[in-house]
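J.:
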């Protein structure tokens, strides 16, 4: 009986662990409340949801310096901010890559990049790598449109910026723009989840 | 150069062989690192029913300038296909519903079943895995 009890106890612990692992790996689903985070911006200041408390929402994009896909989308990310920051949906870019594996994605290189390109949005470093798993970001670029209801922010769209990596002007669907446009009209995004090929976010080994 | 509809039959061939389909690109460092491990599988398991197909997700304009020189330099002997399809949400789901879109990614299938791996392999790992799949044939 003792053995049985112990086995059951173990099973419960194991099940709990597996369950937790799945949740952690899965990250946000559309509709989930966004947990606050505090990450260092390239200007040296810490950045959290408090910084966008007076906004309608935000376009959170996990991106980086080195990835060819992120580079192809860089101008489009800048354009999204130009278009939507004034409408209450600024861009928040986050780099979560391990700089040991991708030296181009170090904080120093992020600072350089943001200056060179003249980013007018925060470019945050997930140095401890504890924010990107909460979002469930797996690749760069990987975007999350969030909007404010009451005092909290909720996930409205997860996925690709558009459906043409090489040339945004040839995209048939501009997913992020469509999502934000819908939200600005008080509607829910018609397409709230898409997938795309991208560089995997490099977790610390 | 294939779009997904043209490529899809490769994922569903009906034969006695084990198919190892590796998705990679020249711009993807971990993919480049493990590509040689996939390329050696047909030699490693010579005489057994195994077919390796390396599916490049490089862009069409880079085939001549990057993909072909890379394959020559690395002396890649396996079959290589280049796939480019804008409708990624749909085709990634069709390859495997769990695929988030990162590479490297690998499909291993035979009449005995299908497995999907969104991860990087070492040479030992892939050899061991293929051995276990071949043993089931």
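Protein chains in written order, with this note's numbering: chain A, 1358 to 1562; chain B, 840 to 976.
Glycine residues also receive a C-beta, built at the ideal position from the N, C-alpha and C atoms.
Distance, Cα to Cα, residue 1409(A) vs residue 1502(A)?
T.: By 1-based counting over the first chain, the position of residue 1409(A) is 52. By 1-based counting over the first chain, the position of residue 1502(A) is 145. If I take the Cα positions, the gap works out to 13 Å.
J.: Terminal residues of the continuous beta strand (DSSP E) containing residue 1513(A)?
T.: Translated into the one-based positions of the first chain, residue 1513(A) becomes position 156. First-last of the beta strand (DSSP E) with residue 1513(A): 1509-1516.
J.: Sorted by chain position, which residues of the same chain lie with C-beta nearer than 8 Å to residue 1431(A)'s C-beta, five sequence neighbours on each side aside?
T.: As a first step, residue 1431(A) is located in the first chain; it is residue number 74 there, counting from the start. Excluding positions up to five away in sequence, the list reads 1420 and 1474.
J.: Give the interface partners of residue 940(B) over in chain A, defined as CB-CB distance under 8 Å, in chain order.
T.: Along the second chain, one-based indexing puts residue 940(B) at 101. Here the neighbours are 1495, 1496, 1552, 1553, 1554 and 1555.
J.: Is residue 1461(A) near the ligand ZN, judged by its Cβ being under 7 Å from some heavy atom?
T.: This structure simply doesn't include the ligand ZN, nor any ligand for that matter.
J.: Examine chain A for any beta-carbon lying closer than 8 Å to the beta-carbon of residue 875(B), and answer yes or no.
T.: Your numbering for residue 875(B) matches position 36 in the second chain. Judged by the 8 Å Cβ criterion, residue 875(B) is not in contact with chain A.
J.: Nearest CA to the CA of residue 1411(A): which residue from 1497(A), 1442(A) and 1539(A)?
T.: Taking the first chain and counting its residues from 1, the one referred to as residue 1411(A) is at position 54. With distances taken between Cα atoms, residue 1411(A) lies closest to 1442(A).
J.: I believe residue 1573(A) touches residue 1388(A) by the beta-carbon criterion, under 8 Å. Please report the beta-carbon distance rounded to the nearest angstrom.
T.: With chain A covering 1358 to 1562 only, the question about residue 1573(A) has no answer from this structure.
J.: Between which two residues does the beta strand (DSSP E) harbouring residue 852(B) extend?
T.: Translated into positions along the second chain, residue 852(B) becomes position 13. Neither: residue 852(B) is in no beta strand (DSSP E) and is coded neither H nor E.
J.: How is residue 1423(A) classed by DSSP in three states: helix, strand or coil?
T.: Within the first chain, residue 1423(A) is the residue found at index 66, counting from 1. Correct three-state label for residue 1423(A): coil.
J.: Here's a check: name, in chain order, each residue in its chain whose Cβ is nearer than 8 Å to the Cβ of residue 1393(A), leaving out the five neighbours to either side.
T.: Counting from one through the first chain, the residue named residue 1393(A) turns up at place 36. Result list for residue 1393(A): 1405, 1406 and 1407, in chain order.
J.: Does DSSP classify residue 1379(A) as helix, strand or coil?
T.: As a working note, residue 1379(A) is residue 22 in the first chain. A caution first: residue 1379(A) carries a pLDDT of 40, below 50, which makes its placement in the model unreliable, though a value can still be read off. Three-state result, residue 1379(A): helix.
J.: So with CB distances below 9 Å, who are the chain A contacts of residue 927(B)?
T.: Residue mapping note: residue 927(B) aligns to position 88 of the second chain, counting from 1. Here the neighbours are 1517, 1520, 1522, 1551, 1552, 1553 and 1554.
J.: Is it true that the region 1479-1495 of chain A meets the region 1528-1541 of chain A, where meeting means three or more beta-carbon pairs spaced less than 8 Å apart?
T.: No: fewer than three Cβ pairs fall under 8 Å.
J.: Straight-line CA distance for residue 1461(A) to residue 1557(A)?
T.: In the first chain, counting from the first residue as 1, residue 1461(A) sits at position 104. In the first chain, counting from the first residue as 1, residue 1557(A) sits at position 200. Computed Cα separation, rounded: 15 Å.
J.: Three or more C-beta pairs under 8 Å: does that hold for the region 858-868 of chain B against the region 885-892 of chain B?
T.: They touch, by the three-pair rule.
J.: Under a Cβ-count criterion, where at least 16 other Cβ atoms within 10 Å of its own Cβ denotes burial, should residue 943(B) be classed as buried or exposed?
T.: Counting from 1 along the second chain, the entry for residue 943(B) is found at position 104. By the neighbour-count rule (16 or more Cβ atoms within 10 Å), residue 943(B) is buried.
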